[in-house]
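>
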């Protein structure tokens, strides 16, 4: 029987009630008295020189308050990049400026050129039509390899080329890997594309800037996963506002998936303009605007080679990737293809020699940054596709080949600089085999064939590095911030509790799962505990939610703060009970003296803390509030094994996902209902990548997929019911809850599973197709089949 | 500007609307019923679904003036009279059919319209009906389960956790 409260219970989400009744408070629901509206005039060409911007006619139009252009931001900082990668020659990456509004040049379709602030949105939009732009269009660079050719048009004139960095990892392994591949019994090679995606949280981005002349304070309401990070970046690097004069509020946020981590121009603009115009300024993105201004994800082009010995043991892996940065460096962009990608190339396997080369490239496209999984899906896709291809070339079972090469002893130091603390890849594979009913596959395939369909089975393993991240380590790797988190546990006089956390919930259910932990530790009812998040003026400085870090890092801070509460409460209880502190036990919300029937209730102790009439004032302070900052000792390493069955219609190339099974090891679990939901959502995003989604540019840098008419989001009838299991648990060894994080797994593990299944289906029909790039749309599948017919 | 009057969630309301004011703008900005959301600009996402004279309508594709005289129900009008969650809302909570909550009002409104037309839909019928509602968080699994559960079906027997 599952527990009905505390750690491990499938507690229903308390936040659901407001969302189900229309009482949520999203940023666009916030209107500040007297607010004006901003509309951004954006570039409709990918690359051009701005000769002039004439705003005279527009400025005279009804309702227009002020029109801003790049000139107004010349004395203001640009949008900062939070991570500096060092290339394989020891040089810092090339780092271009990123102005809030374009200065001199536009570098991608959607680059903001002018901002019209008006009494109404309609008036702002109308005025934008009257702005006279004189832009000389320049050749655009879109293809990454072409962008690196000699003489290619440069995205940034002040850089030496379009190469951001050429990164090698581990550089000392390079020659040994080359030798191992040269001397291998078998080498499997695969060239593939991990296509550009758009995260597409259902809530478009919104920013509302406000300024108080009374105390010189600015407030920004924004759709962010990390309000303190935005406050730090915008205050310190862009607008020069000290932290205590800047408040950033991220209220209910309608999904993030990475793209709401970053600091965006519109946030800085609204904060700046609110002061400059002495009016609150609101911006709400349209979906089309979101497509051309939200940071995109993925966009890697890769060649991978896997070397095996005569016994099919993996002996070496070499991979070369071109990673698109887009036109500017988004907040964490440089870290994604490097430290979140190269370090994961060992996967679940004991490959002794690995070398990863990544060339990051500027192009005239929207900046690319972290999207659910961020680097880890790109690593998993290439590794698991090449392993599957190797199995097919060698004529061995793909599960057996994986199993044979599994890492089995922990801790395990990979040749790509990370140490997996714990795991059991065999356990998740066994779970997968149980649920997937592999023995029944032949019959299901025969049934499909009766209906003229080809059925394929695909399998995949993944590992990810979550719980981001140890500050001293990431500092050495180029991070310009720490990656700890923080929690304050405020116990009130009556015993109710507010927990102020640095993590931010935008779908993850923290308001439910975090109290489960504190309730378990104190033995009190979950309903006595509330989580406060999303407001920099209320919460301690924490780094927010991404990289499956919330429970592993912020949850650990919350545990540490709660431990401090318990320690102090025991001192108070000892005083009240006239007993030795060491003899006090806390169970079910009662403090008792061991071996006696003497006890005081939680509420008696909390009341004493705030009404300290009978209280050890000489030893401890009144009150009961504690803060902890937690910096993780290592990453966490969730892992799992996935399988799916697809049907391919050979007449049309249409792929249908019939079954999907996910067996994950997330370590200990706080709320299994929420964990399953996180996996489901990740699976749908991965299925979307594998079969549907593609952010496409033409050769001139025009964005072809800028609406839901052109960008194929997964819909309810594109996916099956999933079968997910997370009973194989190896608890994390270095955080107090033994948790690993679960937010990204589904999106990491599913794309290669689907493509492996599609290839298997085609082979069953006699089509010797070795690879299909994502999305495996009907036209691509059909073309691939016809190419080998 | 012209006067529009309608019944929203059982209450008579009126206001001034321009000819191009969308119903969703009127609901959100004039009536401050912010539970109805805008997630796209091409009538694809369904976050803005409301009921107009008993039919599910995307409130971003209808002018406020077109709803003059109509009976409109929004997510704010869906709970039981005592304020408790109605059977569909309760099923969404029980089956974890929402995460960030942004698409949820539209999902609940579409689900209500579906169950009115088809009181015991199959899985395929639910998925087909939700073609015009996009969710990015849940992968649809628990939404489909919740809707089938709200129709009285034993979803434990139909889908895994």
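Protein chains in written order, with this note's numbering: chain A, 2 to 790; chain B, -5 to 155.
Positions of the beta carbon are idealized from the N, C-alpha and C atoms, including for glycine.
Decide if residue 130(B) is buried, meaning its Cβ has at least 16 other Cβ atoms within 10 Å, or exposed.
For the purposes of this step, residue 130(B) is taken as residue 136 along the second chain, with counting starting at 1. So residue 130(B) ends up on the buried side.
> When you compare the segment 720 to 733 of chain A with the segment 654 to 665 of chain A, are there three or more beta-carbon pairs, one atom per stretch, that lie closer than 8 Å?
With a cut-off of 8 Å, the segment 654 to 665 of chain A and the segment 720 to 733 of chain A count as touching, because enough Cβ pairs lie within range.
> At what residues does the beta strand (DSSP E) containing residue 499(A) begin and finish?
Here residue 499(A) refers to the residue found at position 498 when the first chain is read from its first residue. Run containing residue 499(A): 498 to 502, per the beta strand (DSSP E) assignment.
> For the beta strand (DSSP E) holding residue 170(A), just list the boundary residues, first then last.
The residue labelled residue 170(A) in the question sits at position 169 within the first chain. Segment 164 to 170, the beta strand (DSSP E) holding residue 170(A).
> Can you pull the chain B neighbours of residue 63(A), defined as C-beta to C-beta under 8 Å?
As a first step, residue 63(A) is located in the first chain; it is residue number 62 there, counting from the start. In chain order: nothing, as chain B lies at least about 14 Å away.
> Grab me the residues of residue 14(B)'s own chain with a C-beta within less than 8 Å of its C-beta, minus the 5 sequence neighbours each way, in chain order.
Taking the first residue of the second chain as 1, we reach residue 14(B) at position 20. These residues qualify, in order along the chain: 57.
> How would you write the range of the beta strand (DSSP E) that residue -4(B) sits in, first residue to last?
As a working mapping, residue -4(B) is identified with position 2 in the second chain. Where residue -4(B) is concerned, the enclosing beta strand (DSSP E) stretches over -4 to 2.
> From the beta carbon of residue 57(B), is the nearest beta carbon of chain A less than 9 Å away?
Stepping through the second chain from its first residue, residue 57(B) is reached at position 63. Not one chain A Cβ lies under 9 Å of residue 57(B).
> Are the C-beta of residue 99(B) and some C-beta of chain A separated by less than 9 Å?
Position 105 of the second chain, counting from 1, holds the residue named residue 99(B). Residue 99(B) counts as touching chain A.
> Less than 8 Å between the CB atoms is what I'm expecting for residue 109(A) and residue 367(A), so what's the real figure, rounded?
Residue mapping note: residue 109(A) aligns to position 108 of the first chain, counting from 1. Residue mapping note: residue 367(A) aligns to position 366 of the first chain, counting from 1. Going by Cβ atoms, the distance from residue 109(A) to residue 367(A) rounds to 5 Å, so yes, they are a contact pair.
> Compare the C-beta of residue 720(A) with all C-beta atoms of chain B and state if any pair is closer than 9 Å.
Within the first chain, residue 720(A) is the residue found at index 719, counting from 1. Chain B contact via Cβ: present.
> Please name the residue, chosen from 707(A), 14(A) and 778(A), that lies closest to residue 289(A) on a Cα-to-Cα basis.
Counted from its first residue, the first chain places residue 289(A) at position 288. It is 707(A) whose Cα lies nearest to the Cα of residue 289(A).
> Does the distance from the CB of residue 193(A) to the CB of residue 303(A) come in under 9 Å?
Along the first chain, one-based indexing puts residue 193(A) at 192. Along the first chain, one-based indexing puts residue 303(A) at 302. A contact, by the Cβ cut-off of 9 Å.
> What are the residues of the segment 35 to 57 of chain B that lie near chain A, defined by any Cβ-Cβ distance shorter than 8 Å?
Against chain A - using a Cβ distance shorter than 8 Å - the residues of the segment 35 to 57 of chain B are 35, 36, 38, 39 and 41.
> Using a Cβ cut-off of 9 Å, pull out every chain B residue sitting near residue 18(A), in sequence order please.
The residue you call residue 18(A) lines up with position 17 of the first chain. Result: 79, 83 and 87.
> Cα separation between residue 159(A) and residue 709(A)?
Working through the first chain from its first residue, we reach residue 159(A) at position 158. Working through the first chain from its first residue, we reach residue 709(A) at position 708. So the alpha carbons of these two residues sit roughly 37 Å apart.
> Considering just the uninterrupted stretch of the alpha helix (DSSP H) at residue 513(A), what are its terminal residues?
Counting from 1 along the first chain, the entry for residue 513(A) is found at position 512. Here the alpha helix (DSSP H) through residue 513(A) covers 511 to 523.
> Find the residues of chain B that neighbour residue 393(A), judging by a C-beta separation of less than 9 Å, and give them in chain order.
The count along the first chain starts at 1 and reaches residue 393(A) at position 392. Here the premise fails: no neighbours, minimum Cβ distance about 29 Å.
> What residues in its chain sit with their C-beta under 7 Å from that of residue 437(A), if we drop five residues either side in the sequence?
Residue numbering aside, residue 437(A) sits at position 436 when the first chain is read from its first letter. Result list for residue 437(A): 644 and 662, in chain order.
> Please tell me whether residue 547(A) and residue 182(A) are closer than 9 Å, where the distance is taken between their beta carbons.
As a working mapping, residue 547(A) is identified with position 546 in the first chain. As a working mapping, residue 182(A) is identified with position 181 in the first chain. Not in contact: residue 547(A) and residue 182(A) (Cβ atoms no closer than 9 Å).
> Is it buried or exposed, residue 110(B), if we count other Cβ atoms within 10 angstroms and call 16 or more buried?
For this step, residue 110(B) is matched to residue 116 along the second chain. Burial call: exposed.
> Whole-angstrom Cβ separation of residue 188(A) and residue 306(A), contact assumed at under 8 Å?
Position 187 of the first chain, counted from the start, is the residue given in the question as residue 188(A). Position 305 of the first chain, counted from the start, is the residue given in the question as residue 306(A). Contact flag correct, Cβ pair sits at about 6 Å.
> What alpha helix (DSSP H) runs, 4 residues minimum, are completely inside the segment 398 to 471 of chain A?
Listed in chain order, the complete alpha helix (DSSP H) runs (minimum 4 residues) inside the segment 398 to 471 of chain A are 399 to 406, 426 to 437 and 442 to 451.
> Cβ of residue 633(A) within 8 Å of any heavy atom in the ligand GDP?
In the structure on display, the ligand GDP does not appear, and there are no ligands present to speak of.
> I want to verify the contact list: residues of chain A whose CB lies under 9 Å from the CB of residue 122(B), in sequence order.
Here the question's residue 122(B) lines up with position 128 in the second chain. Ordered by position in chain A, the residues that pass the 9 Å Cβ test against residue 122(B) are 717 and 718.
> Identify the residues that DSSP records as bridge partners of residue 182(A): which are they?
As a working mapping, residue 182(A) is identified with position 181 in the first chain. Looking at the DSSP assignment, residue 182(A) forms no beta bridge with any residue, so it has no partner.
> Excluding the 5 residues flanking residue 212(A) on each side, which residues of the same chain have their C-beta closer than 6 Å to its C-beta?
By one-based count along the first chain, residue 212(A) stands at place 211. Cβ neighbours of residue 212(A) beyond the five flanking positions: 219, 275 and 276.
> Quick one: Cα of residue 784(A) to Cα of residue 649(A), how far?
Walking along the first chain from the start, residue 784(A) turns up at place 783. Walking along the first chain from the start, residue 649(A) turns up at place 648. If I take the Cα positions, the gap works out to 13 Å.
> For chain A, check one thing: does any of its Cβ atoms lie closer than 9 Å to the Cβ of residue 29(B)?
Here the question's residue 29(B) lines up with position 35 in the second chain. Chain A contact via Cβ: present.
> Distance check for residue 329(A) and residue 99(A), CA to CA, integer angstroms please.
Indexing the first chain from 1 puts residue 99(A) at position 98. Indexing the first chain from 1 puts residue 329(A) at position 328. If you take the alpha carbons of residue 99(A) and residue 329(A), they lie about 6 Å apart.
> So with CB distances below 8 Å, who are the chain B contacts of residue 671(A)?
Numbered from 1 along the first chain, position 670 holds the residue referred to as residue 671(A). By Cβ distance, chain B contributes nothing, its closest Cβ being about 14 Å from residue 671(A), past 8 Å.
> Do residue 70(A) and residue 56(A) have their CB atoms nearer than 9 Å?
Counting from 1 along the first chain, the entry for residue 70(A) is found at position 69. Counting from 1 along the first chain, the entry for residue 56(A) is found at position 55. Yes.
> Which bits of chain A does residue 11(B) rub up against, with CB to CB less than 8 Å?
Along the second chain, read from residue 1 onward, the residue named residue 11(B) stands at position 17. In chain order: nothing, as chain A lies at least about 13 Å away.
> Residue 44(A): which of 683(A), 136(A) and 629(A) sits nearest, CA to CA?
Translated into positions along the first chain, residue 44(A) becomes position 43. Comparing Cα-Cα distances from residue 44(A) to each of 683(A), 136(A) and 629(A), the minimum goes to 136(A).
> Rounded to the nearest angstrom, what separates residue 30(B) and residue 454(A) at their Cα positions?
One-based indexing of the second chain puts residue 30(B) at position 36. One-based indexing of the first chain puts residue 454(A) at position 453. Roughly 42 Å separates the two Cα atoms.
> So, helix, strand or coil for residue 139(B), using DSSP?
In the second chain, residue 139(B) corresponds to position 145, counting from 1. In this structure, residue 139(B) counts as helix in the three-state DSSP scheme.
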